[in-house]
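Colleague: Take any residue in the sequence shown, note its place counting from 1, add 43, and you have its number in the working numbering. Yeah, the Cβ is synthetic: ideal placement off N, Cα and C, and Gly gets one too.
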Amino acid sequence: MSVPSPPSLDDPAALRRGRIAVSLLFLLFGMAIGTWTARIPAVKENLGLTDGQLSIGLLGLAAGAITGMQFTGRLVDRYGSVRVMLPVALAEGGCLLLPGYAGNLVTLTLALFVFGAVHGTLNIAMNANAVEVERARGRPMLSSCHAVYSIGGFLGAAVGGLFARADAGVPVTFWTTGLVALGLAGWATRWALPRTGHPAPPTSPTPPTADAGQSGGDGSGGRRRESPGVLLLGVLAFCCLVGEGAAADWSTVYLRESLGSEPGFAAAAYAAFAIMMTAGRLVGDRLAAALGPVPLVRGSGILAAVGLGGALLVGHPVAGLIGFGCLGAGLSCIAPQVFSAAGNRDPSQAGRALARVAGLGYLGFLVGPVVIGGAAELLGLPRALALPALLALFVALAAGALRPRRPGQPSTAPVSVDPRS
């Protein structure tokens, strides 16, 4: 793909267009997965799948996403985020169509693997580009991008719900969202901000640094040891996404079965979580600029831990609603700040760092609810839900991992968009 020469960093119009372009891809990303999620029941019914068979198909989606994430980092570092994210964004809508035409469990699993691989690839590439635009602008913006993703998820789910209510076919739903995704990707293609830095040539080994933790260049001349700093950021993402997965899968069950609330009120628990998470991300950039990433993540972790933990101790439906709202508000700013820190540790290797961190985070989203379900069998759901609160407290204690390098430490580029952090 032909990419124009990088615009001047003094051109505010180009930076503004670059921000809009990457935000459009976050919107596309959320709409695609939101639409798919809304039509899962229809796909299950059309194929006559049992719950167990459906879980196999969904495992294909998860496996594809993790595979895409792990292969993308090296491509982003070698070719730049724009050359990866734009063609993948154009493919996202088309790959969403595949599950709509699956005729059995095998083809559904394969279709979801392909869709998941494209989805995971776009996840890393667009986050890498957002970090680059953030660095070029000189102020935080990743949190608002993640807010746009949440809004896209709501829109996709709403579209899927409307089509389901109208008894429209699954392919029609996916075609509609796919065409919208194609339009968003085309718009982003025109406005995307090309990489403002230049990756090290793939044949030239990068000198080892105190943080790089590597024994050979870019991996072409030797095995790379994982950076402890990046791994710690990945652990923080894992802890955060465990909480998100727990809220998605267990918040309604907790209020309904453990606290005996009415079905409608129980469903409001996840709604409170999602609304507060989106609201928190909308103001997250301002908070990051005012406080810096370390205090913001520390305070966010404390809010999530105290809010959910206190609600579990009180054991009342209203407290549960407030607790999951606090969990959403607390977790809202953590993942964007962790991703920003990962992408800025070494800009020449931002793709690989983001792939590792996002992969561990996604693993937490998948594994967390399963672990909580197993713990609930032994201890009861209220005690099992203490796990996300404890992990949020750990994030607060380990927030110093987001602190940028000191001036004396080696780095290839500035690693913080906010000198007050």
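Please return the same chain residues whose Cβ sits closer than 6 Å to the Cβ of leucine 277, not counting the five positions on each side in sequence.
Modeller: A quick correction: the sequence has glycine, not leucine, at residue 277. Result list for glycine 277: Arg399, Val400, Leu403, in chain order.
Colleague: Determine the burial state of leucine 433: buried for a count of at least 16 other Cβ atoms within 10 Å of its Cβ, exposed for fewer.
Modeller: exposed
Colleague: In whole angstroms, give me the CA-to-CA distance for tyrosine 144 and arginine 329.
Modeller: 44 Å
Colleague: Indicate the three-state DSSP secondary structure (helix, strand or coil) for asparagine 147 in the structure shown.
Modeller: Coil.
Colleague: Quick check: the segment 140-156 against the segment 178-195, are there 3 or more CB pairs under 8 Å?
Modeller: no
Colleague: Compute the distance between the beta-carbons of isoleucine 167 and leucine 397, then report whether it is under 7 Å.
Modeller: yes
Colleague: Report the option in Ala362, Gly342, Pro390, Arg324 whose CA atom is closest to the CA atom of methionine 184.
Modeller: Arg324
Colleague: Is the beta carbon of threonine 164 closer than 7 Å to that of valine 119?
Modeller: no
Colleague: Please report the distance separating the alpha-carbon of glycine 95 from that of serine 124.
Modeller: 38 Å
Colleague: Kindly list the residues whose CB is nearer than 6 Å to the CB of glycine 103, restricted to its own chain and excluding five residues on each side of it in sequence; keep chain order.
Modeller: Thr152, Leu155, Phe156
Colleague: CB of glycine 286 to nearest heavy atom of the ligand COA: below 6 Å?
Modeller: Absence of the ligand COA is noted for the structure shown, with no ligands found whatsoever.
Colleague: Please tell me whether threonine 220 and arginine 82 are closer than 7 Å, where the distance is taken between their beta carbons.
Modeller: Taking 7 Å as the Cβ cut-off, threonine 220 and arginine 82 do not qualify as a contacting pair.
Colleague: Would you mind stating whether phenylalanine 308 and glycine 407 have Cβ atoms separated by less than 7 Å?
Modeller: no
Colleague: Can the beta-carbon of glycine 196 be found less than 7 Å from the beta-carbon of alanine 289?
Modeller: no
Colleague: Is DSSP giving alanine 154 helix, strand or coil here?
Modeller: Three-state result, alanine 154: helix.
Colleague: Pair every Cβ in the segment 427-445 with every Cβ in the segment 289-303, then say whether three or more of these pairs are closer than 8 Å.
Modeller: yes
Colleague: Which same chain residues end up closer than 6 Å to alanine 442 when comparing Cβ atoms and leaving out the 5 residues on each side of it in sequence?
Modeller: Cβ contact annotation for alanine 442 (same chain, cutoff 6 Å, sequence separation greater than five): Val337, Val340, Arg341, in chain order.
Colleague: Under the assumption that alanine 445 contacts glutamine 380 (Cβ atoms under 8 Å), give the Cβ distance between them as a whole number of angstroms.
Modeller: Note that residue 445 corresponds to leucine in the displayed sequence, not to alanine. Sure, about 6 Å apart at Cβ, within 8 Å.
Colleague: Taking the alpha-carbon positions, what's the glycine 138 to glycine 358 distance?
Modeller: First, the residue type needs correcting, since residue 138 is cysteine and not glycine in the sequence shown. About 44 Å.
Colleague: If leucine 70 sits next to methionine 128, beta carbons under 8 Å apart, how far is it from one beta carbon to the other, in whole angstroms?
Modeller: With 8 Å as the limit, leucine 70 and methionine 128 do not qualify as a contact, their Cβ atoms being about 13 Å apart.
Colleague: Nearest-angstrom Cα distance between glycine 303 and valine 285?
Modeller: Their Cα atoms are separated by approximately 25 Å.
Colleague: Would you tell me roughly how many angstroms separate the C-alpha atoms of proline 55 and leucine 236, rounded to the nearest one?
Modeller: 11 Å
Colleague: How is methionine 320 classed by DSSP in three states: helix, strand or coil?
Modeller: Three-state DSSP puts methionine 320 in a helix.
Colleague: By the 10 Å Cβ neighbour count, where 16 or more other Cβ atoms means buried, how is alanine 311 classified, buried or exposed?
Modeller: buried
Colleague: Could you check what DSSP says for aspartate 120 in three-state terms: helix, strand or coil?
Modeller: helix
Colleague: With burial defined as no fewer than 16 other Cβ atoms inside 10 Å of the residue's Cβ, what is the status of proline 271: buried or exposed?
Modeller: Of the other Cβ atoms in all chains shown, fewer than 16 fall within 10 Å of the Cβ of proline 271; this residue is therefore exposed.
Colleague: I believe alanine 224 touches methionine 112 by the beta-carbon criterion, under 8 Å. Please report the beta-carbon distance rounded to the nearest angstrom.
Modeller: The pair is not a contact, with the Cβ atoms about 19 Å apart (cut-off 8 Å).
Colleague: Do the CB positions of isoleucine 179 and glycine 77 come within less than 7 Å of each other?
Modeller: The sequence shown places alanine at residue 179, not isoleucine. Contact flag unset, no.
Colleague: Any beta-carbon of chain C closer than 7 Å to the one on glycine 203?
Modeller: This model lacks chain C altogether, as it is built from one protein chain only.
Colleague: So what does DSSP say about glycine 423, is it helix, strand or coil?
Modeller: Of the three classes helix, strand and coil, the one that applies to glycine 423 here is coil, per DSSP.
Colleague: By Cβ distance, which residues of its chain are closer than 6 Å to glycine 107, with the 5 residues on each side in sequence left out?
Modeller: Answer for glycine 107: Phe156, Gly159, Ala160, listed in chain order.
Colleague: Looking at the unbroken alpha helix (DSSP H) that takes in alanine 347, where does it start and where does it end?
Modeller: Where alanine 347 is concerned, the enclosing alpha helix (DSSP H) stretches over 336-357.
Colleague: Below 7 Å between beta carbons: does that hold for leucine 133 and alanine 228?
Modeller: yes
Colleague: Return the CA-CA distance between alanine 362 and glycine 352, expressed in angstroms with no decimal places.
Modeller: 10 Å
Colleague: Quick one: Cα of alanine 385 to Cα of alanine 211, how far?
Modeller: 43 Å
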